[in-house]
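When we follow my numbering, the leftmost residue of the sequence shown carries the number -14, and every step to the right adds one. Backbone N, C-alpha and C define an ideal beta-carbon position, used for all residues, glycine too.
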Amino acid sequence: MELHDVAIVGSGPAGLTAAIYCARANLKPVVVEGLLAGGQLMNTTEVENFPGFPEGVQGPELMDRFRKQAERFGTIFVPGDVVAADFSSRPFAIRTDERELRARAVIVATGASPRTLGVEGEREYAGRGVSYCATCDGFFFRDREIVVVGGGDSALEEALFLSRYGSRVSVIHRRDGFRASKIMAERALRSPKIEVVWDSVVEGVAGDGRKVTEIRVRNVKTGEISTRPCSGFFVAIGHVPNTAAFRSVLPTDAGGYLEVRGGSSFTSVDGVFAAGDVHDHTYRQAITAAGAGCRAAIDCERWLEAQGG
Ligand code: NAP
């Protein structure tokens, strides 16, 4: 059985920043990378708001730099996803499909994933017209019909961004009012490129076998079903925290996000810390996740020291 001082679960900006700090504190952290090593930024193109990159940087390149920096100070990486954890006694145990690790402290930084609609054709056409990231894929739909599903800030932000590309952007929302902030709603409603389809849900995505060509929409008030031409189908209905492996061992809120004590990185289990989108549903930025990773590492280092080195 491998025994480590610190196991960090997740390798996005939060996990890798925690690794850099823990490694520089001589804790030789082990990072369990997760299925999408590098996290959500691996699905992004240009990142323009990460400080220190005045010309912007590609998401995967940024994460490669995080990783190299963590490696330089002695971080150990193991592939795979954590499937179970036992925090009932110390050292803690975490298990991937391939191995079991033991650690005196754990930092959970598993992030969040875009919520899927779960309709017919969505999975089949993922990456071939169906997308969860406008900044990643908007470019492919220049002068095409684009549809965005959702009524929150994310959906409208995506719709506004996509209006630079599409011939038309239809926002399909299941109610007759946006959840988004007033300013975003006003901006979207003012855009000549954006059409809002109220009280409607998408029931299916169809294509020609290679790419999306149309969607099927149902009006929830009248029951009327219609089809709508569509090349780019963007789902922006929120995120789901990646906490499945921890639900039975750490408290989560109603949305499944890990609960932390008083805005710190401490969870309710002494020696287990949380960082990044796995507990933050408000800011959800690479830079805030990185900051949270730093805080968790410092909290973890001090906690370990208090336990007797
Ligand atoms: P959100 O606020 O939870 O909104 C999700 C939207 O998707 C809601 O309109 C919801 O409809 C709809 N929805 C959820 N499940 C659905 C389903 N199965 N089918 C159809 N529609 C569904 O999530 P978000 O927009 O990702 O925002 C998350 C947080 O980040 C918010 O606090 C937001 O303010 C913040 N944020 C801020 C900015 C910004 O300030 N620039 C940008 C992005 C996000 P209902 O309204 O009917 O529930």
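query                                                                                                                                                                                       : result
For the ligand NAP, is there any heavy atom lying closer than 6 Å to the beta carbon of arginine 52?                                                                                        : no
Using the beta carbon as the reference atom, which residues fall closer than 5 Å to any heavy atom of the ligand NAP, ordered along the chain?                                              : Gly135, Gly136, Gly137, Asp138, Ser139, Glu142, Arg159, Arg160, Arg164, Ile222, Gly223
Under 7 Å between the Cβ atoms of proline -2 and alanine 274?                                                                                                                               : yes
How many angstroms separate the CA atom of isoleucine 295 from the CA atom of asparagine 28?                                                                                                : As displayed, the chain neither begins before -14 nor continues past 294, which places residue 295 out of reach and without an answer.
In this structure, does DSSP put glutamate 105 in helix, strand or coil?                                                                                                                    : strand
Here's a check: name, in chain order, each residue in its chain whose Cβ is nearer than 6 Å to the Cβ of phenylalanine 332, leaving out the five neighbours to either side.                 : Within the shown structure, residues of the chain are numbered from -14 to 294, placing residue 332 beyond reach of any answer.
For the structure I just gave you, are there three or more beta carbon pairs, one from the stretch 84 to 94 and one from the stretch 266 to 286, closer than 8 Å?                           : yes
Would you give the residue range spanned by the beta strand (DSSP E) that leucine -12 belongs to?                                                                                           : -13 to -6
With burial defined as no fewer than 16 other Cβ atoms inside 10 Å of the residue's Cβ, what is the status of valine 181: buried or exposed?                                                : buried
Could you give the distance in angstroms between the alpha-carbon of glycine 41 and the alpha-carbon of leucine 47?                                                                         : 10 Å
Taking 7 Å as the cut-off, decide whether the C-beta atoms of glycine 192 and threonine 198 are in contact.                                                                                 : yes
Could you check whether the stretch -1 to 11 touches the stretch 44 to 63, counting it as contact only if at least three pairs of C-beta atoms, one from each stretch, sit closer than 8 Å? : yes
Buried or exposed for alanine 291, please, with buried defined as at least 16 other CB atoms from any protein chain shown within 10 angstroms of its CB.                                    : exposed
Taking only the alpha-carbon atoms, compute the straight-line gap between serine 98 and arginine 287 and give it to the nearest angstrom.                                                   : 31 Å
Determine, using beta carbons only, whether phenylalanine 38 comes closer than 7 Å to chain D.                                                                                              : Judged by its chain identifiers, the structure shown contains no chain D, having just a single protein chain.
Assuming aspartate 184 and valine 205 make a contact with CB atoms under 8 Å, what is their CB distance in whole Å?                                                                         : 5 Å
Pick helix, strand or coil for valine 263, following the three-state DSSP scheme.                                                                                                           : helix
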